[in-house]
Each structure stands twice: as structure tokens, then as C-alpha cells.
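A.B. asks: In full-length UniProt numbering, the protein residues as written are 1 to 193. Beta carbons are placed, not taken as given, at the ideal position from N, Cα and C, and that holds for glycine. Mind looking over this structure? Questions follow.
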Amino acid sequence: VVTESANVLAGYTSRRQALASTLSGLPPGPMRLQKETSNLFRNRNTGPHHALDVSAFNHVLNIDTKRNTIEVEGMTPYADVISASLRVGLMPKVVPQLKSITVGGAISGIGIESSSFRYGLPHESVLEMDVLLAGGDVVTCTPDNAHQDLFFGVPNSYGTLGYILRLKLEAIPVKPYVQLTHLEFDNSAAFFA
């Protein structure tokens, strides 16, 4: 079992409580997440809004080499997850190819990657997640607990149901090298045979 630091999980709990309190204290009106990265490729309405700063939720919380799981905060970029997990011979089942995509963003916005043909979309390897709801409550969602509807509803919801603060992901073992074989076909019949 590898943990980034002994205080990381305690730090997450403290950050989670502070964020929920901040959200509960915001006055009515439009609200937007304040964060350091974005992969939004469209114009955004810049009208007046309240900002909820989620940029501190960017830590790898735990890597469990016995259970093959990785626990991260929602704003953690996949590049950071890979950097930490490869050191112990694991990686998430699906890793989007843009380095700056966050784990929470890939789940709420439906990421995809070349390994998706085998492992599905990123949300299909999520075991558990903490979701911040609009009223300031934080709920832990799993496929079989009281919040299973939210667990299955959050993927591709683009944050409309809540904001993902923490996730536990299935991981797969990796080796130091990958074998790559190029096959050439000069016609489609041979390719599909």
C-alpha cells in the first residue's frame, strides 16, 4: 500500500468540510467552479457568478497494491495519477490521452481512450465516489449503497447532479515495457478476416 503522505487523507477530509461549508454559505445566484485547468473547447458565458474554488482537490490519496485500487481527488490530472501509480506498477484501467484531463472531469464528462475497447469508459472502473451536492452535503456513492442512483447518474452529467470530490478506481498491473506489433493490410477483406 502506498500513500502520498500520512496527512493526505486527513487533509482531504478538512478540505471537503471547508468546501461544503463555503458552498452552503454562498448567496443565491449563478455559481461556477474555480479551478486551474479546463478542457472546455467552447465559449463560456462570462456573466456575473459566484466562484467555488475546487483547485485544492488535486491529490493522489492512496494506491493500494494489494487490492489494485487508486484513490484520488476529483481535480487530480491523469498525468499526476500516472506518475504516482507507475512507481508501484499500477495504472487506472482507462487513461485519457490529454494529460491535463482530471479524473473527476473524465467521469462527469465521459472520457474515452484507446483502452476503452477492453475496459470501457473511465466511469466503468469507478468503485466509489464522494459527490458534493448543491445544498452542501457530501455523499459517498457506490454501485450498491443508498446513493447508487447518483453513482450511476453522475457519469456524463457535466456536474449538474453534483461535483466529484473523491474517487476510488480499479487499477491494473503494468510492466516496464509494452510490446507493439504493426500489421499491414492492403485490403479490407484481409483486415476483417
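If we call anything under 8 Å between Cβ atoms a contact, is Arg-166 one with Gly-74?
C.D. replies: yes
A.B. asks: Any chance the stretch 150 to 166 sits against the stretch 117 to 132, with 3 or more Cβ pairs inside 8 Å?
C.D. replies: Touching, yes.
A.B. asks: If you scan the stretch 47 to 84 from start to end, which runs of the beta strand (DSSP E) of 3 or more residues do you find wholly inside it?
C.D. replies: Within the stretch 47 to 84, the beta strand (DSSP E) runs of at least 3 residues that lie entirely inside it are, in chain order, 50 to 53, 60 to 64, 69 to 73.
A.B. asks: If we define contact as Cβ-Cβ less than 8 Å, is Tyr-12 a contact residue for chain C?
C.D. replies: As a matter of chain content, chain C is missing from the structure shown, which is built from one protein chain.
A.B. asks: Taking the alpha carbon of residue 217 as the point to measure from, which residue in Asp-53, Ile-82, Val-94, Arg-118 has its own alpha carbon closest?
C.D. replies: The question about residue 217 has no answer here: the residues shown for the chain are numbered 1 through 193.
A.B. asks: What did DSSP end up calling Glu-184 once you bin it into helix, strand or coil?
C.D. replies: coil
A.B. asks: Please classify Leu-98: does DSSP put it in a helix, a strand, or coil?
C.D. replies: Here Leu-98 sits in coil by DSSP.
A.B. asks: Helix, strand or coil: how does DSSP classify Asp-137 here?
C.D. replies: coil
A.B. asks: In angstroms with no decimal places, state the Cα-to-Cα distance between Gly-136 and Val-174.
C.D. replies: 39 Å
A.B. asks: DSSP beta-bridge partners for Tyr-163?
C.D. replies: Leu-132
A.B. asks: What do you reckon, are the CB atoms on Ser-115 and Lys-93 nearer than 8 Å?
C.D. replies: yes
A.B. asks: On the DSSP bridge assignment, give the partners of Val-126 in chain order.
C.D. replies: DSSP lists Leu-169 as partners of Val-126.
A.B. asks: Helix, strand or coil for Leu-23? Go by DSSP, reduced to three states.
C.D. replies: helix
A.B. asks: Relative to the C-alpha of Phe-57, which residue among Asp-80, Thr-160, Ile-63, Met-91 is closest?
C.D. replies: Asp-80
A.B. asks: If I measure Cβ to Cβ from Val-139 and keep anything under 6 Å in the same chain, skipping five residues before and after, which residues do I get?
C.D. replies: Val-131, His-147
A.B. asks: Is DSSP giving Leu-9 helix, strand or coil here?
C.D. replies: Leu-9: helix per DSSP, three-state reduction.
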